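Have a look at the structure below, then the notes.
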Amino acid sequence: EIVMTQSPATLSVSPGERATLSCRASQSVSSNLAWYQQKPGQAPRLLIYDASTRATDIPGRFSGSGSGTDFTLTISSLQSEDFALYYCQHYNNWPPGTFGGGTKVELK
Amino acid sequence: QLTLKESGPTLVKPTQTLTLTCTFSGFSLTTAGVGVGWIRQPPGKALEWLALIYWSDDTRYSPSLKSRLTITKDTSKNQVVLTMTNMDPVDTGTYYCAHTRLLVLPTGTFDIWGQGTVVTVSS
């Protein structure tokens, strides 16, 4: 099973700053990588799929990059509503696909 | 607007069978490409995909849990039901159902999720 490792576990950022989240796969997943956002008490929301394609209605400040084993989610200018948990998920040779442990983006 | 809502028992005993229902609106499981999946999250741990059913009745299961899971749909009620047998305390967590659609989203990704339902396994 492919293990997805996210870093850092917690990222402290000020509003307006850039946030960079990392996700590493234990073996290549090509570009079969998605990012989700989850706010406390809310359902997860799909942000990015195919490593860099924004899902419907996702703001342009969210961008994804990478392929193979190393991926990055960038939030170009953090808004107050962006403080949340972020998960990566691979779907290479799905099922099963696995999720990373998450990165919490918190207010600095 | 697409919405999904999970329902079921909050507490089950070890060895019992868990039955969860996902009731959805804003889409139909008779539409080509549409699927509904289940994902869970133990407290403090990562999300784990469990099962998926497509409009065509095609089903997919997590290989590690396949022997314990059954997913079915009732299109007349706009519901998807997940049963998990032989429950254990390690199955405690929040269970989500979620929407996907082939040819719109990559297989294995889910765009709209329910709020989740908490299940505790304890005697």
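Sequences listed follow chains C and X, in order. Each residue of the first sequence is one higher than the one before, counting from 1 in our numbering. Each residue of the second sequence is one higher than the one before, counting from 1001 in our numbering. From the three backbone atoms N, C-alpha and C, an ideal C-beta is built for every residue, glycine too. It should be emphasised that the depicted structure is a prediction, and the values quoted were computed from it without experimental measurement.
query                                                                                                                          : result
Residue range of the beta strand (DSSP E) that includes Asp113 of chain C                                                      : Since the first residue of chain C shown is 1 and the last is 108, residue 113 of chain C is not available in this structure.
Listed by chain order, chain X residues near Leu46 of chain C by CB distance under 7 angstroms                                 : Thr1109, Phe1110, Asp1111
Length of the line joining the Cα atoms of Ala35 of chain C and Gln42 of chain C                                               : At residue 35 of chain C the sequence reads Trp, which differs from the Ala that was named. Rounded to whole angstroms, Trp35 of chain C to Gln42 of chain C spans 16 angstroms at the Cα level.
Cβ-based burial, Thr98 of chain C [other Cβ within 10 Å; buried from 16]                                                       : buried
Neighbourhood of Phe1024 of chain X by C-beta, 6 angstroms cutoff - its chain only, sequence neighbours within 5 removed       : Leu1004, Asn1078
Rounded C-alpha distance that separates Thr1094 of chain X from Ser14 of chain C                                               : 30 angstroms
Three-state secondary structure (DSSP) of Val1104 of chain X                                                                   : coil
Strand pairing of Tyr86 of chain C, partner residues [DSSP]                                                                    : C:Gln37, C:Thr103
Minimum Cβ-Cβ distance from Asp82 of chain C to chain X less than 8 angstroms                                                  : no
C-beta contact flag for Thr20 of chain C and Lys104 of chain C at 8 angstroms                                                  : no
Ser1062 of chain X versus Ala84 of chain C - alpha carbon distance                                                             : 27 angstroms
Proximal chain C residues relative to Leu1105 of chain X, where beta-carbon distance stays under 7 angstroms                   : Tyr49
Given 8 angstroms, three or more beta-carbon pairs between the region 1082-1094 of chain X and the region 1102-1120 of chain X : yes
Cβ pair Thr1082 of chain X, Leu1050 of chain X closer than 8 angstroms                                                         : For the sequence presented, residue 1082 of chain X should be read as Leu rather than Thr. In this structure, Leu1050 of chain X lies closer than 8 angstroms to Leu1082 of chain X by Cβ.
With 16 other Cβ atoms within 10 Å as the buried cut-off, status of Asp1111 of chain X                                         : buried
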